[in-house]
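Input: a single structure, listed below in structure tokens.
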Amino acid sequence: MYEVSHIVAEKASGSSVQYLVRWVGYGVDDDTWQRESDLVDGAEKVLEEWKSTKERIMRRVEEFQLFGARLKHGYSVPMREVSKVKYMW
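Numbered by full-length UniProt numbering, the letters in the sequence shown go through residues 1 to 89 in order.
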């Protein structure tokens, strides 16, 4: 039996989702697409971590889109005074 190391990507396949899985002890060339229903026996935790990471990334994307929309519409964005910034070089 193979153990899931982590999920690399996901894609929609018809009405279901498939995940590109990296297996413990195997490299990129051995990644395989698996249906969510096939990710069992310990892989559930890896799947939950993937979903949590994806949600966190999507929230950040939305924040950046909102920030970009504010700039596009001319809202002012506060900036720090350059004289107060300490450089490390």
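The beta carbon of each residue, even a glycine, is placed where N, CA and C say it ideally should be.
As assigned by DSSP and simplified to three states, the class of residue i
i: E3; result: coil
i: S15; result: coil
i: L47; result: helix
i: L39; result: coil
i: V24; result: coil
Expected contact under 8 Å - CB spacing of residue i and residue j to nearest Å
i: W23; j: E49; result: Contact flag wrong, Cβ pair sits at about 16 Å.
i: D31; j: V21; result: 6 Å
Between the CA atoms of residue j and residue i - distance to the nearest angstrom
i: M1; j: Y19; result: 18 Å
i: G25; j: G68; result: 42 Å
i: V40; j: R60; result: 30 Å
i: V46; j: I7; result: 7 Å
i: W33; j: E44; result: 16 Å
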